[in-house]
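Asks: For the record, the sequence lines run as chains A and B.
Note that the working numbering has the first sequence beginning at 1197, numbered continuously upward.
Note that the working numbering has the second sequence beginning at 1197, numbered continuously upward.
Yeah, the Cβ is synthetic: ideal placement off N, Cα and C, and Gly gets one too.
2 protein chains.
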Amino acid sequence: MTGESADFWHVMSTARTIRRFTPEPVPDNVIHRCLEAATWAPSGANAQCWRFIVLRSAQQRAVVAQAAAQALAVIEPVYRMARPPADDSSARARSYRAIYDLHDHAGEHPSVLFVQQKLPATTELVLGGSIFPAMQNFLLAARAQGLGACPTSWTSYGGEVLLRDAVGVPDDWLLAGHVMFGWPRGSHGSVRRHSVDQVVDIDHWNGDRTTSLDRASAERQSEHQQR
Amino acid sequence: MTGESADFWHVMSTARTIRRFTPEPVPDNVIHRCLEAATWAPSGANAQCWRFIVLRSAQQRAVVAQAAAQALAVIEPVYRMARPPADDSSARARSYRAIYDLHDHAGEHPSVLFVQQKLPATTELVLGGSIFPAMQNFLLAARAQGLGACPTSWTSYGGEVLLRDAVGVPDDWLLAGHVMFGWPRGSHGSVRRHSVDQVVDIDHWNGDRTTSLDRASAERQSEHQQR
Chain A
1197 MTGESADFWH VMSTARTIRR FTPEPVPDNV IHRCLEAATW APSGANAQCW RFIVLRSAQQ
1257 RAVVAQAAAQ ALAVIEPVYR MARPPADDSS ARARSYRAIY DLHDHAGEHP SVLFVQQKLP
1317 ATTELVLGGS IFPAMQNFLL AARAQGLGAC PTSWTSYGGE VLLRDAVGVP DDWLLAGHVM
1377 FGWPRGSHGS VRRHSVDQVV DIDHWNGDRT TSLDRASAER QSEHQQR
Chain B
1197 MTGESADFWH VMSTARTIRR FTPEPVPDNV IHRCLEAATW APSGANAQCW RFIVLRSAQQ
1257 RAVVAQAAAQ ALAVIEPVYR MARPPADDSS ARARSYRAIY DLHDHAGEHP SVLFVQQKLP
1317 ATTELVLGGS IFPAMQNFLL AARAQGLGAC PTSWTSYGGE VLLRDAVGVP DDWLLAGHVM
1377 FGWPRGSHGS VRRHSVDQVV DIDHWNGDRT TSLDRASAER QSEHQQR
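1. Which residues, taken in chain order from the region 1231 to 1258 of chain B, show a beta carbon closer than 8 Å to some beta carbon of chain A?
2. Express the C-alpha separation of residue 1383 of chain A and residue 1346 of chain A in angstroms, rounding to a whole number.
3. Looking at the unbroken alpha helix (DSSP H) that takes in residue 1266 of chain A, where does it start and where does it end?
4. Could you tell me which uninterrupted alpha helix (DSSP H) segments, each at least 4 residues in length, are contained entirely in the region 1356 to 1407 of chain A, listed from first to last along the chain?
5. Applying the criterion that 16 or more other CB atoms from any shown protein chain within 10 Å of the CB defines a buried residue, is residue 1215 of chain B buried or exposed?
6. For the alpha helix (DSSP H) containing residue 1332 of chain B, name the first residue and the last one.
7. With 16 as the cutoff for other CB atoms within 10 Å, does residue 1414 of chain B come out buried or exposed?
8. Alpha carbon to alpha carbon, how far is residue 1260 of chain B from residue 1253 of chain B?
9. Mind the definition here: the region 1348 to 1359 of chain A touches the region 1197 to 1211 of chain B only if three or more C-beta pairs lie below 8 Å; say whether that holds.
10. Should residue 1290 of chain B go down as buried or exposed, given a rule of 16 or more other Cβ atoms within 10 Å for buried?
11. Assuming residue 1237 of chain A and residue 1264 of chain A are in contact, meaning their beta carbons sit under 8 Å apart, how far apart are those beta carbons, in whole angstroms?
12. Suppose you measure from the CA of residue 1278 of chain B to the CA of residue 1292 of chain B; what does that come to, to the nearest Å?
13. Does any CB atom of chain B fall closer than 9 Å to the CB of residue 1388 of chain A?
14. State the DSSP-derived secondary structure class of residue 1351 of chain B, mapped to helix, strand or coil.
15. Cα-Cα, which of B/1221, B/1245, B/1359 and B/1333 is closest to residue 1258 of chain B?
16. Is the beta carbon of residue 1308 of chain A closer than 9 Å to that of residue 1245 of chain A?
17. In whole angstroms, what separates the C-alpha of residue 1401 of chain B from that of residue 1296 of chain A?
18. So residue 1401 of chain B contacts chain A; which residues on that side make the cut at Cβ distance below 8 Å?
19. Under 9 Å between C-beta atoms, does residue 1209 of chain B make it to chain A?
20. Kindly identify the DSSP beta-bridge partner or partners of residue 1346 of chain B.
21. How would you call residue 1225 of chain A, buried or exposed, if buried means at least 16 neighbouring beta carbons within 10 angstroms?
22. Please name the residue, chosen from B/1366, B/1376 and B/1393, that lies closest to residue 1305 of chain B on a Cα-to-Cα basis.
23. Would you kindly work out how many angstroms separate the C-alpha atoms of residue 1380 of chain B and residue 1221 of chain B, rounded to a whole number?
24. Along the region 1340 to 1351 of chain B, where does the CB come closer than 8 Å to a CB of chain A? Name the residues.
25. What distance in whole Å lies between the Cβ atoms of residue 1248 of chain B and residue 1310 of chain B, which are believed to be in contact at a cut-off of 8 Å?
26. Could you give the first and the last residue of the continuous beta strand (DSSP E) run that contains residue 1290 of chain A?
27. Counting contacts by CB-CB distance shorter than 9 Å, is residue 1377 of chain B in contact with chain A?
28. Quick one: which chain D residues come within Cβ less than 7 Å of residue 1373 of chain B?
29. For the candidate residues B/1233, B/1391 and B/1410, whose alpha-carbon lies nearest to that of residue 1396 of chain A?
30. With DSSP run on the structure shown, which of helix, strand or coil describes residue 1207 of chain A?
31. Could you tell me whether the Cβ atoms of residue 1267 of chain B and residue 1344 of chain B are closer together than 9 Å?
32. Starting from residue 1406 of chain B, find everything on chain A with Cβ-Cβ shorter than 8 Å and list it in chain order.
33. For residue 1329 of chain A and chain B, any beta-carbon pair shorter than 9 Å?
34. In or out: residue 1332 of chain A buried (at least 16 other Cβ within 10 Å) or exposed?
35. For residue 1239 of chain A, which of A/1228, A/1389, A/1314 and A/1394 has the nearest alpha-carbon?
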């Protein structure tokens, strides 16, 4: 399969989020290896109070598509995002088109839910530390096999209720993560990230750095002042 | 370096939690590769609103040791855990000894904090999805280099205040995760986990499974009834 790699550092550094997939089905053994890799992740006290739920029937894919549409309606105003005109070839337009494609075609591909049992006297943040490593292992194992994958936030917003009902997840389990996957249209390039120097501190907090959020806040404040 | 591997599947399946480290220092370039791998992780909207803070000065290691001692005092009653007698060679005693060793020697090794900026209108669980994948990449890159590592919960309990103050982390950033690391005493074996069949469902929730938490609850209930 094109794009397959067993080189650890190559896989890690090229595990880009893929938002467009071909119609070619993903064989069970490929999905199985991703799920097995997910089970290899650490969890608090090695308790493994997790479930990985593959959504692939036409019925469940339709629910995923509905959750995607709801999420899109929520994030469009947040990111001030709209469908770009056909003649816009800017980087932002290309990125937005990929996001719209992911949401528009959500019902055509399989996906997996990462579900974590609630534990007494533990915060949701701490519980996240026991389930998102499994999601990351899944994403990396997908990349190693040449598969494309994209974590979504469709278990938030209105999608949580839809997916919880459709799958039958009990109230004492958290829908923590969700990943769409399929064979990629296009290829896996290197990830684009801030450098180590930009995000690592030694022993003490460096207050002089700015993050994407800081910059967005500053922009909003500046726009507000110009009104 | 012994235990080093660049084979993706071998690294993933042997990334066991290591709780005992040799006194040999970890070179900067080895730490750098772990941190770089952390930056390769996905985050919501690729915003990378994260900081990775290496704690290695004697002063900060002393704070980590204090956080470890506090965490130990909290978890001992939760897990009904006590220091095993010297002649106890059971699996549980060996496991407990490793946990005590980790906490007792916490001040002797470097560690890293995974810190995530709070975002408006986003839950802590969702934010966890933007920082714990980076922690998992760090753990895997440590394993690939033959390094041992152990995620801790010392940023919870009383440790959060101690570490936040010592490092100077602002209130609008979450101390999400913390990892101790060093050269392992002993070797990396295969991880021990439930099989895929035990934790994966297809399309619908299977209510017949039991988790570690279910079993612990059942045991407590049974003990309670016997009183």
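Replies: Walking through what the data contain:
1. 1231, 1232, 1233, 1235, 1236, 1237, 1238, 1240, 1241, 1242, 1243, 1244, 1245, 1246, 1247, 1248, 1249, 1250, 1251, 1252, 1253, 1255 and 1256
2. As a first step, residue 1346 of chain A must be located in the first sequence, where it is residue number 150. As a first step, residue 1383 of chain A must be located in the first sequence, where it is residue number 187. The alpha-carbon atoms of residue 1346 of chain A and residue 1383 of chain A are separated by roughly 14 Å.
3. As a working mapping, residue 1266 of chain A is identified with position 70 in the first sequence. Counting along the chain, the alpha helix (DSSP H) containing residue 1266 of chain A begins and ends at 1254 to 1274.
4. 1392 to 1395
5. Position 19 of the second sequence, counted from the start, is the residue given in the question as residue 1215 of chain B. Its Cβ being crowded by 16 or more others within 10 Å, residue 1215 of chain B is buried.
6. Here the question's residue 1332 of chain B lines up with position 136 in the second sequence. Where residue 1332 of chain B is concerned, the enclosing alpha helix (DSSP H) stretches over 1328 to 1340.
7. Your numbering for residue 1414 of chain B matches position 218 in the second sequence. By the 10 Å Cβ count, residue 1414 of chain B comes out exposed.
8. Taking the first residue of the second sequence as 1, we reach residue 1260 of chain B at position 64. Taking the first residue of the second sequence as 1, we reach residue 1253 of chain B at position 57. Going by the C-alpha atoms only, they are around 11 Å apart.
9. no
10. Residue numbering aside, residue 1290 of chain B sits at position 94 when the second sequence is read from its first letter. Exposed, since its Cβ has fewer than 16 Cβ neighbours within 10 Å.
11. In the first sequence, the residue the question calls residue 1237 of chain A occupies position 41. In the first sequence, the residue the question calls residue 1264 of chain A occupies position 68. Their Cβ separation, rounded to whole angstroms, is 26 Å, which puts residue 1237 of chain A and residue 1264 of chain A out of contact at 8 Å.
12. Numbered from 1 along the second sequence, position 82 holds the residue referred to as residue 1278 of chain B. Numbered from 1 along the second sequence, position 96 holds the residue referred to as residue 1292 of chain B. Going by the C-alpha atoms only, they are around 8 Å apart.
13. Mapped onto the first sequence, residue 1388 of chain A falls at position 192. For residue 1388 of chain A, the answer is yes, since a Cβ of chain B falls inside 9 Å of its Cβ.
14. Along the second sequence, one-based indexing puts residue 1351 of chain B at 155. In this structure, residue 1351 of chain B counts as coil in the three-state DSSP scheme.
15. By 1-based counting over the second sequence, the position of residue 1258 of chain B is 62. Among B/1221, B/1245, B/1359 and B/1333, the Cα nearest to that of residue 1258 of chain B is on B/1359.
16. Against the first sequence, residue 1245 of chain A aligns to sequence position 49. Against the first sequence, residue 1308 of chain A aligns to sequence position 112. For residue 1245 of chain A and residue 1308 of chain A, no; Cβs fall outside 9 Å.
17. In the second sequence, residue 1401 of chain B corresponds to position 205, counting from 1. In the first sequence, residue 1296 of chain A corresponds to position 100, counting from 1. C-alpha separation (whole angstroms): 29 Å.
18. The residue you call residue 1401 of chain B lines up with position 205 of the second sequence. 1247, 1249, 1363, 1364, 1365 and 1366, listed in chain order.
19. On the second sequence, residue 1209 of chain B is found 13 positions in, with the first residue counted as 1. Yes, because at least one Cβ of chain A sits closer than 9 Å to the Cβ of residue 1209 of chain B.
20. If you number the second sequence from 1, residue 1346 of chain B lands on position 150. The partner list for residue 1346 of chain B (beta bridge, DSSP) reads B/1376.
21. What you label residue 1225 of chain A is simply residue 29 of the first sequence in a count that begins at 1. Under this definition residue 1225 of chain A is an exposed residue.
22. Here the question's residue 1305 of chain B lines up with position 109 in the second sequence. Answer by Cα proximity: B/1376.
23. Within the second sequence, residue 1380 of chain B is the residue found at index 184, counting from 1. Within the second sequence, residue 1221 of chain B is the residue found at index 25, counting from 1. Computed Cα separation, rounded: 11 Å.
24. 1340, 1347 and 1349
25. Locating residue 1310 of chain B in the second sequence gives position 114, where the first residue counts as 1. Locating residue 1248 of chain B in the second sequence gives position 52, where the first residue counts as 1. Confirmed, Cβ separation roughly 6 Å.
26. As a position in the first sequence, residue 1290 of chain A is number 94, starting the count at 1. Taken as a continuous stretch (DSSP letters only), residue 1290 of chain A belongs to no beta strand (DSSP E), being part of the alpha helix (DSSP H) at 1287 to 1300.
27. Counting from 1 along the second sequence, the entry for residue 1377 of chain B is found at position 181. Not an interface residue.
28. Note that chain D does not occur in the displayed structure, where the protein chains are A and B.
29. Walking along the first sequence from the start, residue 1396 of chain A turns up at place 200. Selected option, being the one with the closest Cα: B/1233.
30. On the first sequence, position 11 is the one that residue 1207 of chain A refers to. If DSSP states are grouped into helix, strand and coil, residue 1207 of chain A belongs with the helices.
31. Taking the second sequence and counting its residues from 1, one reaches residue 1267 of chain B at position 71. Taking the second sequence and counting its residues from 1, one reaches residue 1344 of chain B at position 148. No; because the gap between Cβ atoms is not below 9 Å, this pair is not in contact.
32. As a first step, residue 1406 of chain B must be located in the second sequence, where it is residue number 210. What residue 1406 of chain B touches in chain A: nothing, since even the nearest Cβ is about 10 Å away.
33. Here residue 1329 of chain A is taken as the residue at index 133 of the first sequence, counted from 1. With 9 Å as the cut-off, residue 1329 of chain A counts as an interface residue toward chain B.
34. In the first sequence, the residue the question calls residue 1332 of chain A occupies position 136. Buried, by the Cβ-count rule.
35. Within the first sequence, numbered from 1, the residue matching residue 1239 of chain A stands at position 43. Residue 1239 of chain A has its Cα closest to that of A/1314, out of A/1228, A/1389, A/1314 and A/1394.
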